[in-house]
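Okay, so here's the structure we're looking at.
Protein chains in written order, with the numbering used here: chain A, 36 to 152; chain B, 100 to 212.
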C-alpha cells in the first residue's frame with residue numbers, strides 16, 4: 036500500500052522556538068495533504084488542508100500564523116509550529132490522498148510527537 | 100467540526116470473542132471509514148462503506164451502516180491479542196465534504212489472552 040512518512044518522529048523543544056514537521060508521500064503523488072492534531076486518549080482533530088501550489092485551508096479555531104503550512108511539491112508538505120508553547124505539545128499526524136487513485140482512502144503518516152518545555 | 104460519538108469508549112474482551120464498536124454521526128455522509136491506531140502510532144485504514152451500502156465484509160471485519168439512524172458498527176470476529184488498539188470511525192460529509200475526514204471519539208479495545 037501507499038506509504039506516508041513523517042520526520043521527525045518526536046521532538047522536544049524549548050518554549051518560544053519553532054519546530055518544522057515534514058510529511059512525505061513516498062510512492063505516490065498527493066495534491067492534497069491533511070494535518071491533524073491528537074491529544075492523549077482523544078480523537079484526531081483536523082487542523083488544515085494543505086494544497087500543492089496554493090494556500091492551505093485552516094479549520095475554525097486554528098491560527099494560520101502559528102501553524103504555517105507549505106506544500107511545495109506533490110510529495111512534500113511541512114507544518115511549522117511557530118513560537119511553540121507547552122500547550123502545543125501534542126501528537127501531529129499528516130495524511131495524503133493518492134492523486135492517481137479514484138478511491139477515497141487517505142494514507143496516514145506515523146505521527147510526530149511534540150513536547151514543548 | 101461535528102465529531103461523531105463512539106461507544107463504548109473502552110472494551111476489554113478475551114481472545115477468541117467478538118468485539119463490536121458503534122459509531123454515531125450527525126450529518127449526511129458520502130462514506131464512512133474505520134481506522135485502527137496502535138498506541139502512539141499513525142492510523143491504518145480498515146474498511147470504507149459508502150452511503151448506499153448497508154453492510155461490508157473484509158476478513159474478520161464486518162461493518163454495517165444505517166443512514167436513517169446515522170450510525171455504523173464495526174464487528175471484529177474471533178479477536179486476537181494483536182487486535183488490541185484504538186478504533187476510530189470517520190465520515191466524509193455530503194455534499195461539500197470533499198476529502199475531509201471527521202473522526203469519532205474512538206473505542207479503545209483490549210484483547211486479553
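We put the CB at the ideal spot given by N, CA and C, even for glycine.
Annotated as proximal: residue 107 (chain B) and residue 206 (chain B), with beta-carbon spacing under 8 Å. Looking at the DSSP output, residue 52 (chain A) shares a beta bridge with no other residue. Of all residues in the segment 182-204 of chain B, only 187, 191, 198, 199, 200, 202, 203, 204 place a beta-carbon less than 7 Å from a beta-carbon of chain A.
If you check the CB distance, residue 53 (chain A) and residue 120 (chain A) do not come in under 8 Å. The C-alpha of residue 128 (chain B) is placed about 17 Å away from the C-alpha of residue 155 (chain B). Beta-bridge partners assigned by DSSP to residue 118 (chain B): B:175.
Put simply, of A:55, A:74, A:45, A:59 the residue whose alpha carbon is nearest the alpha carbon of residue 132 (chain A) is A:59. Close to residue 153 (chain B), with beta-carbon spacing below 9 Å, lies no residue of chain A; the smallest spacing is near 18 Å. The closest CA to that of residue 43 (chain A), considering only A:129, A:140, A:92, A:142, is found on A:129. Take the alpha-carbon of residue 48 (chain A) and the one of residue 149 (chain A): they are about 8 Å apart. With a 10 Å radius around the Cβ and a threshold of 16 neighbouring Cβ atoms, residue 178 (chain B) comes out buried. Among the residues of chain A, none has a CB under 9 Å from the CB of residue 212 (chain B); the nearest is roughly 24 Å distant. Membership of residue 108 (chain A) in the beta strand (DSSP E) is indicated by the continuous run 102-108. Residue 121 (chain B) and residue 130 (chain B) have their C-alpha atoms roughly 16 Å apart. The secondary-structure analysis by DSSP pairs residue 123 (chain B) across a beta bridge with B:104, B:170.
Checking the DSSP bridge columns, you'll see residue 165 (chain B) partnered with B:170.
Of the residues assessed, residue 181 (chain B) falls on the exposed side of the cut-off, its CB having fewer than 16 other CB atoms within 10 angstroms. Taking 8 Å as the Cβ-Cβ cut-off, the segment 152-182 of chain B has no residue approaching chain A. Chain B places a beta carbon closer than 8 Å to that of residue 143 (chain A), counting this residue as a contact.
Proximity to residue 66 (chain A) across A:152, A:144, A:110, A:124 peaks at A:110, based on C-alpha coordinates. One thing to note: residue 92 (chain A) has its Cβ no nearer than 8 Å to the Cβ of residue 103 (chain A). Annotation for residue 211 (chain B): the continuous beta strand (DSSP E) segment containing it runs 206-211.
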